[in-house]
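Right, one structure below, let's go through it.
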Amino acid sequence: MSATPADPASPSPAPVTRGGEWWAGVRALAPMLLGVVPFGLIYGVLAVNAGMPAWLACAMSAIVFGGASQMILTQLWSAGTPALVIAFTVAMVNLRHALYSATIAPSLAPLPRRWKALVAYLLTDEAFAAMTRRLGDTGERARYRHWFYFGAGFSLWSSWQLSTLAGVLVGAQVPQDWPLDFFLPLTFIAIIVPNLKHRAHVAAALVATALAVACFGLPHKLGLMVAALGGIAAGMLLLGRGHPTPRRSPRKEPAA
Numbered sequence: 001m002s003a004t005p006a007d008p009a010s011p012s013p014a015p016v017t018r019g020g021e022w023w024a025g026v027r028a029l030a031p032m033l034l035g036v037v038p039f040g041l042i043y044g045v046l047a048v049n050a051g052m053p054a055w056l057a058c059a060m061s062a063i064v065f066g067g068a069s070q071m072i073l074t075q076l077w078s079a080g081t082p083a084l085v086i087a088f089t090v091a092m093v094n095l096r097h098a099l100y101s102a103t104i105a106p107s108l109a110p111l112p113r114r115w116k117a118l119v120a121y122l123l124t125d126e127a128f129a130a131m132t133r134r135l136g137d138t139g140e141r142a143r144y145r146h147w148f149y150f151g152a153g154f155s156l157w158s159s160w161q162l163s164t165l166a167g168v169l170v171g172a173q174v175p176q177d178w179p180l181d182f183f184l185p186l187t188f189i190a191i192i193v194p195n196l197k198h199r200a201h202v203a204a205a206l207v208a209t210a211l212a213v214a215c216f217g218l219p220h221k222l223g224l225m226v227a228a229l230g231g232i233a234a235g236m237l238l239l240g241r242g243h244p245t246p247r248r249s250p251r252k253e254p255a256a
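Mapping of the sequence shown onto the working numbering: position 61 corresponds to residue 61, and the numbering continues sequentially without gaps.
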């Protein structure tokens with residue numbers, strides 16, 4: 001039996017290119033910008049109303065580039081918290097990025113150091129969610145996977161810088177007695193609640209919430225650190241109970 005010839009009319013797959021993967025990363029992150037842009041606007045307004053200079057508020061977005069840590073830093077700044085406590089708190093909040101880095105590091109191993117540094121700088125919660133879609137790529141798609149990472153990270157970075165700048169410019173016109181800081185917990189609730197998919201996640205959120213309320217009166221906003229550490233401990237404890245270590249079966253001696 002002769003082999004059936006390929007249909008010449010069937011379309012061939014589009015070639016994988018650097019530009020195509022970059023735009024694919026931009027498109028993958030585009031839906032998430034609906035939450036990123038308002039978040040940046042609120043940060044810019046709160047930073048100016050907290051007494052932070054406009055240039056410093058914008059520099060924070062370029063250097064720290066982390067919405068959660070920038071929001072917390074703004075609160076600590078307005079409370080007159082010592083710089084050492086601020087640095088330690090921001091470092092704890094951003095500690096999750098070490099887990100993100102460990103996840104995508106194998107896919108970046110063949111790349112030069114400049115690419116690793118660029119992707120590491122652009123790595124955020126939303127960008128990581130988009131990047132994980134390409135961890136299993138093979139062939140040409142794996143060869144240009146870092147361009148997908150670059151497109152996803154850059155689209156979020158540029159949107160965050162522009163929204164922060166807009167918030168800083170608007171913040172000068174917003175009365176300081178407006179309770180805009182009320183939107184901070186609402187924003188975090190909107191980010192966290194959809195991701196509570198395991199009982200350990202729920203336990204961590206509930207324990208952290210209870211400790212944050214109970215320790216609200218601690219100086220220098222240290223209640224945030226107590227709540228974070230308590231939530232992590234509760235989640236890890238429950239997660240460990242849910243996945244017991246399997247016992248080894250007794251070793252059998254080979255028959256003579």
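Cβ coordinates follow ideal geometry from the N, Cα and C atoms, glycine included.
Note that the coordinates shown come from a computational prediction; the quantities given were computed from them, not determined experimentally.
Euclidean distance between Cα positions of A203 and K197: The residue given as residue 203 occupies position 203 in the sequence shown. The residue given as residue 197 occupies position 197 in the sequence shown. Near 11 Å, if we compare the C-alpha coordinates of K197 and A203.
Cut-off 8 Å between Cβ atoms - residues of its own chain near L156, not counting five sequence neighbours on either side: Your numbering for residue 156 matches position 156 in the sequence shown. The residues are L29, M32, L33, V36, L122, T124, E126, A127.
Alpha-carbon spacing of M236 relative to I86, whole angstroms: Position 236 of the sequence shown holds residue 236. Position 86 of the sequence shown holds residue 86. Answer to the nearest angstrom: the Cα atoms are 25 Å apart.
Buried versus exposed, by CB contacts within 10 Å (16 or more), G230: In the sequence shown, residue 230 corresponds to position 230, counting from 1. That one is buried.
Own chain residues within Cβ distance below 7 Å of G240, not counting five before or after: Your numbering for residue 240 matches position 240 in the sequence shown. Excluding sequence neighbours, G240 sits near nothing in its chain.
Start and end residues, alpha helix (DSSP H) containing A68: By 1-based counting over the sequence shown, the position of residue 68 is 68. Looking at the DSSP string, the run of the alpha helix (DSSP H) that includes A68 is 67–78.
Buried versus exposed, by CB contacts within 10 Å (16 or more), G136: Counting from one through the sequence shown, the residue named residue 136 turns up at place 136. Exposed, since its Cβ has fewer than 16 Cβ neighbours within 10 Å.
Limits of the alpha helix (DSSP H) - the one that C58 falls within: What you label residue 58 is simply residue 58 of the sequence shown in a count that begins at 1. Residues 54–63.
Other residues of its chain near V48: CB distance less than 7 Å, five sequence neighbours each side excluded: Your numbering for residue 48 matches position 48 in the sequence shown. So the qualifying residues of the chain are A54, A57, V168, G171, A172.
Option nearest A130 by Cα separation, candidates F148, F216, M52: Locating residue 130 in the sequence shown gives position 130, where the first residue counts as 1. The option with the nearest alpha carbon to A130 is F148.
Chain-order list of residues whose beta-carbon lies under 6 Å from that of V26 (same chain, five-residue window excluded): Indexing the sequence shown from 1 puts residue 26 at position 26. Cβ neighbours of V26 beyond the five flanking positions: G151, S155.
Through-space distance from L84 to G19, alpha-carbon basis: Numbered from its first residue, the sequence shown carries residue 19 at position 19. Numbered from its first residue, the sequence shown carries residue 84 at position 84. Those two C-alpha atoms are separated by around 43 Å.
Same chain only: Cβ atoms within 6 Å of Q70, ignoring 5 sequence neighbours per side: Locating residue 70 in the sequence shown gives position 70, counting from the first residue. Once the five neighbours on either side are set aside, the close Cβ partners of Q70 are Y43, M60, V64.
A228 vs A210 beta-carbon contact at 8 Å: Start at 1 with the first residue of the sequence shown, and residue 228 comes out as number 228. Start at 1 with the first residue of the sequence shown, and residue 210 comes out as number 210. It is not a contact, given that the beta carbons lie outside the stated cut-off.
Within 8 Å, strictly: CB atoms of A68 and V93: Counting from one through the sequence shown, the residue named residue 68 turns up at place 68. Counting from one through the sequence shown, the residue named residue 93 turns up at place 93. Contact: yes.
G139 to A102 span [Cα, whole Å]: Sequence index remark: in the sequence shown, residue 139 carries index 139 (1-based). Sequence index remark: in the sequence shown, residue 102 carries index 102 (1-based). Near 22 Å, if we compare the C-alpha coordinates of A102 and G139.
Alpha helix (DSSP H) segment containing P106, residue limits: Along the sequence shown, read from residue 1 onward, the residue named residue 106 stands at position 106. Element bounds for P106: 96–108.
C-alpha gap between L46 and G40, whole angstroms: In the sequence shown, residue 46 corresponds to position 46, counting from 1. In the sequence shown, residue 40 corresponds to position 40, counting from 1. Approximately 10 Å, taken between the alpha carbons.
Three-state secondary structure (DSSP) of H201: Against the sequence shown, residue 201 aligns to sequence position 201. Note: H201 maps to helix in three-state DSSP.
Alpha carbon of S10 to alpha carbon of A62, nearest angstrom: Here residue 10 corresponds to residue number 10 of the sequence shown, with the count starting at 1. Here residue 62 corresponds to residue number 62 of the sequence shown, with the count starting at 1. Reliability fails at S10, whose pLDDT of 49 lies under 50, so the model's placement of it is uncertain and the value that follows must be treated cautiously. Distance between the alpha carbons of S10 and A62 is about 47 Å.
Where the alpha helix (DSSP H) through L34 begins and ends: On the sequence shown, residue 34 is found 34 positions in, with the first residue counted as 1. Counting along the chain, the alpha helix (DSSP H) containing L34 begins and ends at 33–49.
G223: CB within 7 Å of a non-hydrogen atom of the ligand ZN: The ligand content of the structure shown is nil, which means the ligand ZN is not present either.
Contacts around A234, its chain only, beta-carbon distance under 7 Å, and the 5 residues preceding and following it disregarded: For the purposes of this step, residue 234 is taken as the residue at position 234 of the sequence shown. Here the set comprises A203, A204, V207.
Assigned secondary structure, G19 (DSSP; H/G/I helix, E/B strand, else coil): Counted from its first residue, the sequence shown places residue 19 at position 19. G19 falls in the helix class under three-state DSSP.
C-alpha gap between C215 and L95, whole angstroms: Against the sequence shown, residue 215 aligns to sequence position 215. Against the sequence shown, residue 95 aligns to sequence position 95. Answer to the nearest angstrom: the Cα atoms are 22 Å apart.
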